[in-house]
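See structure below.
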Amino acid sequence: MEQEYASTLLENAVNQLSRLPGIGRKTALRLALHILRQEERMGVDLGESIVALRKGIRYCVKCHNISEDEKCPICSNPLRDASTVCVVESVKDVLSIENTGQFRGLYHVLGGLISPMDGIGPSQLEIDSLVKRVEDEKVDEVILALSATMEGETTNFYIYRKLGTLPVKITQLARGVSVGNEIEYTDEITLGRSIVNRTLFSESFNKDVQ
């Protein structure tokens, strides 16, 4: 039985807040009441910032990272190594890897992982755009930095096969990232070492086959 609220305005706020990931109705109620206890300006600023975020954020035409312009600041930075592209599942993974300070190349955000159980196939991800990018640009190395899960490994192998005929080195994170772990939950030191000590994808694939 859902809780009854003294105000429809409060109920509407709770309903919207509880739609956020990890936020249940009790937490949503606490957040809504906290906002009410603050100065009015705080609530207005919060609302305006969310509207501005939704209207102002777009996706980089090159790597699909979030951006306020046609290209994100990373792709627009002439000091980044454009010959190395790190393939990640989501924007959160870009932030995680950037926090390590160990990578100075560019990124390619897939927007998810291949997962037949969830109805997600290769055509729904930014894989074809990755292949075209490698074909059209001077990319020497593609780093597969996907989560060490079944979906991540499936996506790794699919990309490896798609890029197999192109003259590009394909590497993956060293096994400092434990099997089953997602990139965003891996600590910065471990993730940084995994990038620095990355290995050829073909070597790990051949070991699995033997």
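Quick note on numbering: the sequence shown equals residues 221 to 430 in the numbering used here.
All C-beta atoms, glycine included, are put in the ideal place defined by N, C-alpha and C.
**Request:** Can you check DSSP and say which residues form a bridge with valine 362?
**Result:** BP columns for valine 362 point to Val305, Ile390.
Using the three-state DSSP reduction, which class does isoleucine 334 fall into: helix, strand or coil?
Of the three classes helix, strand and coil, the one that applies to isoleucine 334 here is coil, per DSSP.
*From valine 329 to leucine 266, what does the alpha carbon distance come to, in whole angstroms?*
Computed Cα separation, rounded: 28 Å.
Burial state of lysine 282 (16 or more Cβ within 10 Å): By the 16-neighbour rule on beta-carbons within 10 angstroms, lysine 282 is buried.
Does the separation of the CB atoms of threonine 391 and arginine 418 fall below 8 Å? Against a cut-off of 8 Å, the Cβ pair of arginine 418 and threonine 391 comes out as a contact.
Residues near glycine 400 by beta carbon distance below 8 Å, same chain, minus five either side: Confidence at glycine 400 is low in this model, with a pLDDT of 40, below 50, so the placement of that residue should be treated as unreliable; the coordinate-derived value is given next. Here glycine 400 has Ala368, Thr369 as same chain residues with Cβ atoms under 8 Å from its own Cβ, once five neighbours each way along the sequence are excluded.
- prompt: Quick one: what's got a C-beta closer than 7 Å to arginine 324's C-beta in the same chain, skipping five residues either side?
  reply: Around arginine 324, the same chain offers Arg300, Asp301 as residues with beta carbons nearer than 7 Å, after the five sequence neighbours per side are excluded.
Discussion item. Measuring straight from C-alpha to C-alpha, what distance separates valine 388 and valine 354?
Written reply: Cα to Cα, the separation comes out at about 8 Å.
Worksheet item: In the DSSP assignment, what are the bridge partners of glycine 325?
Response: Glycine 325 pairs with Asp301.
Practice item. Compute the beta-carbon to beta-carbon distance between valine 307 and leucine 366, rounded to the nearest angstrom, for a pair I have assumed lies under 8 Å. Key: Yes, they are in contact, since the Cβ atoms of valine 307 and leucine 366 sit about 7 Å apart, within 8 Å.
Taking only the alpha-carbon atoms, compute the straight-line gap between glutamine 430 and arginine 239 and give it to the nearest angstrom. Low confidence applies here, because glutamine 430 scores a pLDDT of 47, under 50, leaving its location unreliable; read the following figure in that light. So the two alpha carbons sit approximately 47 Å from each other.
In the DSSP assignment, find the unbroken alpha helix (DSSP H) run with proline 293 in it and report its ends.
-> For proline 293, the uninterrupted alpha helix (DSSP H) run begins and ends at 293 to 296, by DSSP.
field: Opening and closing residue of the alpha helix (DSSP H) in which asparagine 235 lies
entry: Unbroken alpha helix (DSSP H) run through asparagine 235: 228 to 237.
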